[in-house]
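The structure appears below as structure tokens.
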Amino acid sequence: MSHNQKEIKTEEIKVCCTTCPKECVIAVHLKKGILDSVEGEGCKRGEKFAQKEITTPERTLTSTVVVECGEKACLLPVKTAAPIPKKDMGLAMDAIRKTKLTGSCLMGDVVIPNICGTGVDVVACRSIKEENDAC
Ligand code: SF4
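For the sequence shown, the residue numbers in this note's numbering are 16 to 150.
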């Protein structure tokens, strides 16, 4: 190597692609923090996922919300309607924990609109009917 050539360090990180159920473990090679190449991806979508993962990673958040139906209370499974930035997960969980619903709801109903300003709604994953024994 000549005097003027600086060695560019490469770094390897592993990410698990969550785009499809195959969940490929992809080795991502970075040069100065920028994606240089990927290895182990099962299809082209893996590189796109890896690129997003090293810049603005996102996840779908799933949790439960308390629903009070008369005398009873139960837990309603909820999820974000689309992935949200990983950095917002903590605040989003706090907002979900503080949420209480009353009465009936239908699967797909918006439980929390625009959670943490992400532009994504939290929606109900099942229906609850006040008059039956769903709770
Ligand atoms: S790389 Fe392709 S095949 Fe592998 S998990 Fe991602 S989407 Fe699925």
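Beta carbons are placed, not taken as given, at the ideal position from N, Cα and C, and that holds for glycine.
- Collapsing the DSSP output to three states places Cys131 in a helix.
- In the three-state reduction of the DSSP assignment, Thr79 falls in the strand class, which pools E and B.
- Going by DSSP, Asp103 is part of no alpha helix (DSSP H) at all; its letter is neither H nor E.
- The three-state reading of DSSP puts Ala97 in coil, since its state is none of H, G, I, E or B.
- Rounded to whole angstroms, Gly48 and Glu83 show a C-alpha spacing of 49 Å.
- Under the DSSP assignment, Lys24 falls outside any beta strand (DSSP E); it carries neither an H nor an E label.
- With distances taken between CA atoms, Cys120 lies nearest to Val80 out of Lys101, Leu45, Pro98, Val80.
- In chain order, His44 place their CB closer than 6 Å to the CB of Ser52, counting only its own chain and leaving out the 5 sequence neighbours on each side.
- The DSSP-derived three-state label of Arg141 is coil.
- For the set Val135, Pro98, Asp109, Leu50, the Cα lying nearest the Cα of Ile28 is the one of Leu50.
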